[in-house]
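Chemist: Position 111, counted from 1, in the sequence shown is what the UniProt record's numbering calls 111; the numbers after and before it change by one each time, with no gaps.
Positions of the beta carbon are idealized from the N, C-alpha and C atoms, including for glycine.
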Amino acid sequence: MNSTNSLNGFTFNGITLTAPPIHRQDEILTSEALDFIAALNRSTTARRQELLQARQTRRRQILSGTDPRYLRETSGIREDPRWRVAPPAPGLEDRRVEITGPVDAKMTINALNSGAKVWLADMEDSSTPTWGNVIRGQVNLIDALERRINFTSPEGKEYRLAPAEELPTIVVRPRGWHLPEKHLLINGKPMAGGIVDFGLFFFHNARRLIAQGKGPYFYLPKIENHLEARLWNDIFVQAQDLLGIPQGTIRATVLIETITAAFEMEEILYELRDHAAGLNAGRWDYLFSVIKNFRTRGPRFVLPDRNQITMTAPFMRAYTEQLVRACHRRGAMAIGGMAAFVPNRRDPEANANAMEKVRADKTREANDGFDGSWVAHPDLVPVAMEVFDDVLGWNPNQISRLREDVELDDRALLDVAGTKGTITEQGIRDNIWVGIQYIESWLRGHGAVALNNLMEDAATAEISRSQIWQWIHSQAITDTGELITFDWVTEMLEEEFAKMPRFDADRFEDALEIFEAVALGEEFPTFLTLSAYSNYLDETPEREPARTAQLAAA
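#1: When we look at the beta-carbon of residue 330 and count the other beta-carbons within 10 Å, is it buried (16 or more) or exposed?
#2: Quick check on residue 114: does DSSP put it in helix, strand or coil?
#3: Over what stretch of residues does the alpha helix (DSSP H) that includes residue 70 continue unbroken?
#4: Which stretch, first to last residue, makes up the beta strand (DSSP E) that contains residue 339?
#5: Name the one or two DSSP bridge partners that residue 158 has.
#6: Give the single residue among 70, 184, 202 and 195 whose Cα lies nearest to the Cα of residue 171.
#7: Would you grab the beta carbon distance between residue 387 and residue 359 for me? Rounded to a whole angstrom, and I think it's under 8 Å.
#8: Report the rounded CA-to-CA distance for residue 164 versus residue 105, giving the unit in angstroms.
#9: I need the DSSP call for residue 506, collapsed to helix, strand or coil.
#10: Any idea if residue 83 is buried or exposed, counting beta-carbon neighbours within 10 angstroms, 16 or more meaning buried?
#11: Please list, in chain order, all residues of the same chain as residue 114 whose beta carbon is under 7 Å from its beta carbon, the five residues on each side excluded.
#12: Less than 7 Å between C-beta atoms, sequence neighbours within five positions excluded: which residues of the same chain meet that for residue 334?
#13: Can you give me the C-alpha to C-alpha distance between residue 192 and residue 41, rounded to a whole angstrom?
#14: Mind checking who residue 499 pairs with in its DSSP beta bridge?
#15: Does the beta-carbon distance from residue 383 to residue 367 come in below 8 Å?
#16: Out of 96, 468 and 77, point me to the one whose CA is closest to residue 268's CA.
#17: Would DSSP call residue 460 helix, strand or coil?
#18: Within the stretch 193–236, note down every full alpha helix (DSSP H) run reaching 4 residues or more, in order along the chain.
#19: From residue 414 to residue 457, what does the alpha carbon distance come to, in whole angstroms?
#20: Which residues bound the alpha helix (DSSP H) around residue 485?
#21: Using the Cβ count rule (16 or more neighbours within 10 Å means buried), how would you classify residue 119?
#22: Could you check what DSSP says for residue 454 in three-state terms: helix, strand or coil?
#23: Who does residue 189 pair with in a DSSP beta bridge?
#24: Taking the Cβ atom as the reference point for each residue, do residue 177 and residue 19 lie within a distance shorter than 8 Å?
#25: So, is residue 337 buried or exposed, given that buried needs 16 or more other C-beta atoms within 10 angstroms?
#26: Can you say whether residue 374 is buried or exposed, counting buried as having 16 or more other CB atoms within 10 angstroms of its CB?
#27: State the beta-bridge partners of residue 119 as determined by DSSP.
#28: If you measure between the beta carbons of residue 440 and residue 507, is that distance less than 8 Å?
#29: Taking Cβ to Cβ, would you say residue 173 is nearer than 8 Å to residue 124?
#30: Could you please give the first and the last residue of the uninterrupted beta strand (DSSP E) stretch that includes residue 251?
#31: Please report how far the alpha carbon of residue 299 lies from the alpha carbon of residue 472, in whole angstroms.
#32: Hey, quick one: how far does the beta strand (DSSP E) through residue 373 stretch, first residue to last?
#33: Looking only at C-alpha atoms, which of 48, 138, 116 and 80 sits nearest to residue 22?
#34: Measure the alpha-carbon distance for residue 62 versus residue 404 and round it to whole angstroms.
#35: Across which residues does DSSP place residue 281 in a beta bridge pair?
#36: If I measure Cβ to Cβ from residue 273 and keep anything under 6 Å in the same chain, skipping five residues before and after, which residues do I get?
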């Protein structure tokens, strides 16, 4: 395969590529790389489909009234005090501050220059999976590791990498199991998006990373149980075998961002134990998962406005403390949740108040035993770093703090009713605003969006639309006694949509159509991004750089 055009629209080694060509695509989609990801996909497709079906079965059980509990059949794993995960891998010993963000060139450079210990290079919730983003993300990661990445803004500002010794460890987050890659087909069926993201990065960079003294490290999203973790572990084993890389070189941190996974944290670590690096408290997706799974279970599971739900809510407190306990008991890292604040230098007072909230949030995490935490903006790195420096001192982590004081209480994980707060009309309007604004930006290829001084991604859009769906179907009542009905929400939707800032080539009409389907429809779509990706995300041919065109003409 010698050019970017050679595979598009044709079948090569059983793989069909349907997207328009992307500049430098041929560097990523080599015949060897395609064979590699095809092998991973073929060996796991049946199990992945079975696991996705099992999710639906489990969700129906919960909706019908069966609360999740710790599994009896895996009690032996939880009760066995002897087993541990692999020790921290090179570059993952100290994770006190991690910055997250998509893998476009500018964000890649800013994250790597941020001063954080780890960069979560995100191919999932903060990245729209256009074919251009998928390929350019892989190119940018290679360029970053080779120190040849650069970016110049339209205003002429140049972005370059800091010295190598100042750069954080890269941990890549591929897409979740539910997301397909519709532009790569095997026998006419889409490949798994997560396997494409993981496989291409691993194939091109595993040896490069090992040579640099680190390794191929990953964050695993949206896992719902230990069997899904087992599938990822089997993929890791196969991938390392195919490339002749020693077993255990890969390390993975699992996001505990679904309510069902919270009941299987130790089992998830056990399944990945030779490759496990830790668990992360993915708070926003976790809230979405709670709403999704219990959306028709009545007042017991109805939450207040999103901005009133804090990490001190009883069910969130139980979740994070049990996560730290599970990790440290097994020698794994516990990583805290996201500080999503985006600084506004034009409002010093609001900035100072927000920074204090970030400091308080990180102080609670560090004092609870977390080994590190997430931030969404480089300006938050020093704040979080100072907090964890005060607690950790010269120690790289606090894995030795076992949190044996934390009680294993599965009912505490479901104490949603203990959450204080109210539902307000403004909260409904905020959900409408955030949901539509985010979807519109996502449709234009931007998966991380600053709205109201917060960095929003797919998880917060999911909370916004799912709360509205649940409030309507639960006949919830606002703080002023107003019954939340379909007609009232529709009225507010029309009012808020009329205020949206329109511009040429915007996607607001499509965004409204998607939001109405996922927030106001009779059925509850599992993920808003699934139908949006399948039906609304169109690819347009990319204009090749002038140099490429000149070479072609020659």
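Modeler: By the coordinates alone:
#1: That one is buried.
#2: coil
#3: Unbroken run through residue 70: none, as it is neither H nor E.
#4: 333–339
#5: 152
#6: 202
#7: 6 Å
#8: For residue 164 and residue 105, the distance between alpha carbons rounds to 17 Å.
#9: coil
#10: exposed
#11: 99, 378 and 381
#12: 278, 279, 323, 324, 327, 328, 369, 370 and 371
#13: 7 Å
#14: Answer is none; residue 499 lacks a bridge partner.
#15: no
#16: Of 96, 468 and 77, the residue nearest in Cα terms is 77.
#17: helix
#18: 193–211
#19: 25 Å
#20: Residue 485 -> no alpha helix (DSSP H), and no H or E assigned at all.
#21: buried
#22: strand
#23: 186
#24: no
#25: A buried status is given to residue 337, since no fewer than 16 other beta-carbon atoms sit within 10 Å of its beta-carbon.
#26: buried
#27: DSSP output for residue 119 lists 99 and 170 as bridge partner(s).
#28: yes
#29: yes
#30: Looking at the DSSP string, the run of the beta strand (DSSP E) that includes residue 251 is 251–256.
#31: 12 Å
#32: 372–375
#33: 138
#34: 30 Å
#35: 256
#36: 85
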